[in-house]
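Engineer:
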Amino acid sequence: MVRIGQKTYQNQDYKNIFAVGIAFAPPGFMSKPFVSSKGVTIAPAIPRTGYTSELTGKAAALNIAEMIQGREPCHTASMAETAGMCIASLKNSLFKGSACTIGIYPIVRNRERFPEHNGRDIKAATVELGLAGAWFKRVLHHAFLHKLAGKPMWKYIP
Ligand SMILES: Cc1cc2nc3c(=O)[nH]c(=O)nc-3n(C[C@H](O)[C@H](O)[C@H](O)COP(=O)(O)OP(=O)(O)OC[C@H]3O[C@@H](n4cnc5c(N)ncnc54)[C@H](O)[C@@H]3O)c2cc1C
């Protein structure tokens, strides 16, 4: 089994191998498949979202640059400190549209920091359904395409 360090996204045995985004499987119970008493496979996994992939990819890229320059990798992107957001489109219409907006923080439960709500910040964990989400999704869609195409002012889109 390939073991990847939790924060640097570096293989624990082969230091020049990294895994990020949805390719990354955190060690321990989060990735270990189980079988129920009725023989059903239970394969737990953390939510795998775009923002997580971006942060883990950035940390790995900076760590590879550190290694090329002869230094120890020091860039981390802990999923116990990372937020996740997902907008699932339900109906694409300007005025009758609908989407489900889901926010979660942190992605991996941090019971030390948020002991009262089983590891999650309850103020940043939310689910909303409605037209606002559909508009949010539409705005993000056009903003990201604008940025990717390098159109005027693209640098100002985060
Ligand atoms: C329908 C849908 C809606 C989603 N909505 C949201 C959302 O609202 N918010 C959110 O945060 N996340 C959302 N996600 C999840 C998000 O898209 C993924 O978590 C994210 O794209 C994963 O990024 P990644 O770079 O790890 O993997 P990917 O984006 O899957 O990139 C992997 C790349 O590797 C390439 N590849 C695969 N095999 C090989 C090979 N052998 N050789 C070379 N290249 C290869 C693939 O072509 C691909 O380009 C959604 C996902 C789906 C499917």
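Be aware that the sequence shown starts at 143, since it is given in the numbering used here, and climbs by one per residue. Think of the CB as a built atom: it goes at the ideal place given N, C-alpha and C, for glycine as much as any other residue.
Checking contacts by CB at 8 Å: is Pro300 closer than that to chain D?
Structural biologist: The question asks about chain D, but that chain is absent: this structure has only one protein chain.
Engineer: Does DSSP classify Lys289 as helix, strand or coil?
Structural biologist: helix
Engineer: Go through its chain and collect everything with a Cβ distance to Ala222's Cβ below 6 Å, but skip five positions before and after it.
Structural biologist: Pro248, Val250 and Asn252
Engineer: Per DSSP, which one or two residues make a beta bridge with Ile244?
Structural biologist: As DSSP reads the structure, Ile244 sits in a beta bridge with Cys228 and Val269.
Engineer: If Ala149 sits next to Thr218, beta carbons under 8 Å apart, how far is it from one beta carbon to the other, in whole angstroms?
Structural biologist: One detail in the question is off: residue 149 reads as Lys in this sequence, not Ala. With 8 Å as the limit, Lys149 and Thr218 qualify as a contact, their Cβ atoms being about 4 Å apart.
Engineer: Can you tell me whether Tyr151 is buried or exposed, with buried defined as 16 or more other CB within 10 angstroms of its CB?
Structural biologist: buried
Engineer: Measure the C-alpha to C-alpha separation of Thr198 and Gly163 and round it to an integer number of angstroms.
Structural biologist: 6 Å
Engineer: Does DSSP put Phe278 in a helix, in a strand, or in coil?
Structural biologist: helix
Engineer: Quick check: does the Cβ of Ile229 come within less than 7 Å of any heavy atom belonging to ligand 1?
Structural biologist: yes
Engineer: Considering only the alpha carbon of each residue, which of Pro175, Thr194, Cys216 and Phe166 lies closest to Ile184?
Structural biologist: Looking from the CA of Ile184, the closest CA among Pro175, Thr194, Cys216 and Phe166 belongs to Pro175.
Engineer: Compute the minimum distance between the beta carbon of Arg190 and the heavy atoms of ligand 1, and state whether it is under 7 Å.
Structural biologist: yes
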